[in-house]
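Numbering (the working numbering) for the sequence shown: 52 to 245.
Take a look at the structure below.
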Amino acid sequence: MRTLKRKSSLTKFLRYLIVALILLFICLVILAVSYWVSAKSNLSGTIISAGLGQTVQIQFDENDVPHVKAKSQRDAYYTLGFLHATERSWQLEISRRLASGRLSEILGERTVSLDRFIRTLGIKQAAEKQFERYPAEIKQLVQAYADGVNAGNRALGWALPIEYFLTGSKPGYWSAADSVAWSLMMALDLGDNW
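Quick look at the structure:
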């Protein structure tokens with residue numbers, strides 16, 4: 052009799068467990084689909100943002116290459132930053148951290164020696180000094196790009212690239228000097244000279 056009761060309660064438990072696992076799987080699928088849909092929003096159309104002087108048209112062609120129509124250079128640079136952030140937020144974050152010698156904050160001890168090397172070179176400080184010497188017109192354009200990057204990261208909301216969740220991080224503030232620092236990193240990478 053006891054064996055029969057045990058089998059009955061074990062069978063009942065297994066049924067509940069299977070139902071719970073199926074419900075969990077369905078919930079995970081729903082979450083994954085909603086994340087994918089929100090992360091793949093098509094930005095073709097008109098953008099109106101507090102950072103823009105006028106409306107800007109963005110059209111993605113059949114290869115998903117964006118084409119920007121803006122009435123001013125400043126709005127074009129802002130929109131370029133916005134697009135870069137919404138399409139490549141994680142790559143921007145890694146680039147910003149690399150140029151500042153701050154990769155270890157999210158990637159751990161494996162990148163400490165690289166961070167030390169970059170900090171020894173003083174790329175971020177050199178970029179800040181270089182930006183200060185730019186003509187006012189160029190400063191405004193580089194700042195517009197940075198403002199667009201920050202607006203794009205905010206527009207992503209919770210639909211950040213998966214890498215942020217895997218590293219437990221969020222997009223940091225992109226400054227105008229970060230753009231200059233990345234150009235110095237490219238010079239170092241491509242020509243061993245910056």
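Yeah, the Cβ is synthetic: ideal placement off N, Cα and C, and Gly gets one too.
Excluding the 5 residues flanking residue i on each side, which residues of the same chain have their C-beta closer than 8 Å to its C-beta?
| i | result |
| --- | --- |
| Gln-191 | Arg-125 |
| Leu-131 | Val-119, Tyr-196, Gly-199 |
| Phe-216 | none |
Spatial neighbours of residue i within its chain, please: CB distance less than 6 Å, with the 5 preceding and 5 following residues excluded, ordered by chain position.
| i | result |
| --- | --- |
| Ile-145 | none |
Would you call residue i buried or exposed, if buried means 16 or more other Cβ atoms sit within 10 Å of its Cβ?
| i | result |
| --- | --- |
| Ala-232 | buried |
| Asp-229 | buried |
| Arg-148 | buried |
| Ile-69 | exposed |
| Ala-71 | exposed |
| Leu-74 | exposed |
| Ala-187 | exposed |
| Val-80 | exposed |
| Tyr-67 | exposed |
So, helix, strand or coil for residue i, using DSSP?
| i | result |
| --- | --- |
| Lys-122 | coil |
| Val-193 | helix |
| Val-107 | strand |
So residue i and residue j are supposed to be a Cβ contact under 8 Å. How far apart are they, rounded?
| i | j | result |
| --- | --- | --- |
| Leu-103 | Pro-117 | Going by Cβ atoms, the distance from Leu-103 to Pro-117 rounds to 16 Å, so no, they are not a contact pair. |
| Ala-227 | Phe-182 | 6 Å |
| Leu-143 | Trp-225 | 7 Å |
| Ala-150 | Met-236 | 5 Å |
Beta-carbon within less than 7 Å of residue i's beta-carbon, same chain only, minus the 5 sequence neighbours each way: which residues are those?
| i | result |
| --- | --- |
| Glu-214 | Trp-141 |
| Arg-153 | Asp-166 |
query = So, do the stretch 195-207 and the stretch 159-176 have three or more beta carbon pairs nearer to each other than 8 Å?
reply = As far as the Cβ criterion goes, the stretch 195-207 does not touch the stretch 159-176, which means the pair count is below three.
request  = Determine contact between the stretch 110-127 and the stretch 203-211, defined as no fewer than three beta-carbon pairs at a distance below 8 Å.
outcome  = Result no; under three Cβ-Cβ pairs closer than 8 Å.
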